Amino acid sequence: MPVIHIDAPPGLRADAKRKMMEQITAAIDEAYHIGDTLIFLREYPAENVAMDGTLQSENPRLLEALKKINGGV
């Protein structure tokens, strides 16, 4: 059984998560033909993640992406 772990910022709507999980499962099934794909989505607030020593809550690119995910809010 394939096991997938996805680490992402919070904020994705349930319908978008569902679509993402369906598409990832379909891709894994196409590649491996095993079935029973298990996916874990772990969501971390941007202030709890750093890249190259910079908090992602201060990363303009991430902040812009999060705005789009949240519908421009």
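Positions 7 to 79 (this note's numbering) are the ones given, in order, by the sequence shown.
Glycine included, each C-beta is placed from N, C-alpha and C at the ideal position.
No experiment lies behind these values; they were computed from the predicted model shown.
Start and end residues, beta strand (DSSP E) containing residue i
i          : result
residue 49 : 44-49
residue 13 : 9-14
Proximal residues to residue i (C-beta, below 8 Å), its chain only, five neighbours per side dropped
i          : result
residue 51 : 15, 16 and 63
residue 8  : 34, 38, 40, 42, 43 and 44
residue 31 : 43 and 45
Range covered by the alpha helix (DSSP H) that runs through residue i
i          : result
residue 24 : 20-38
residue 53 : That residue, residue 53, is in no alpha helix (DSSP H); it is neither H nor E in DSSP.
residue 70 : 66-75
Close Cβ partners of residue i (< 7 Å) along its chain, the five nearest in sequence each way excluded
i          : result
residue 49 : 14, 15 and 16
Expected contact under 8 Å - CB spacing of residue i and residue j to nearest Å
i          : j          : result
residue 61 : residue 53 : 6 Å
Own chain, CB closer than 6 Å to residue i, minus 5 neighbours either side, in chain order
i          : result
residue 11 : 46
residue 76 : 17
residue 55 : 62
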